[in-house]
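Encoded as structure tokens, the structure appears first; notes follow it.
Numbering (the numbering used here), first residue to last: 318 to 425.
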């Protein structure tokens with residue numbers, strides 16, 4: 318199995334950072350406002366875990382699949398920015414754009 322490129326490692330680090338931000342945000346929301354207020358944060362944690370699994374799994378696939386995943390991730394991040402959480406949405410969009418740019422460069 319080939320070793321991961323620097324770009325893939327950076328993308329994985331961005332996703333782990335996003336997961337950490339989401340977990341800390343949910344923890345403090347639940348602590349300040351109660352468990353019912355933390356439910357949307359828990360949903361974001363599950364979505365971020367799905368994102369992390371997607372990033373790690375698609376890194377094993379063909380770059381074209383990775384580009385499709387990055388496009389979907391960017392679109393999801395933009396929609397989440399406007400509807401759910403600006404911080405998490407912006408981070409998702411950044412991870413998606415970063416992945417999209419780097420994988421497109423690898424294909425070129």
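Quick reminder that beta carbons are idealized off the backbone N, C-alpha and C, glycines included.
Residue i lies in the alpha helix (DSSP H); which residues open and close that run?
i	result
residue 359	356–375
residue 412	403–424
residue 380	380–400
Cα-Cα, which of the options is closest to residue i?
i	options	result
residue 355	341, 334, 368, 367	341
residue 422	407, 390, 381, 402	381
residue 358	403, 372, 412	403
residue 367	351, 390, 347, 420	390
Under the assumption that residue i contacts residue j (Cβ atoms under 8 Å), give the Cβ distance between them as a whole number of angstroms.
i	j	result
residue 392	residue 416	Contact flag wrong, Cβ pair sits at about 13 Å.
residue 339	residue 405	6 Å
residue 333	residue 412	No, residue 333 and residue 412 are not in contact; Cβ-Cβ is about 11 Å, not under 8 Å.
Please report the straight-line C-alpha distance between residue i and residue j, rounded to a whole angstrom.
i	j	result
residue 425	residue 400	35 Å
residue 384	residue 398	21 Å
residue 326	residue 362	21 Å
residue 369	residue 420	17 Å
Looking at the C-beta of residue i, does it have a partner C-beta in chain C at a distance below 8 Å?
i	result
residue 418	Among the chains of the structure shown, chain C does not appear; only one protein chain is present.
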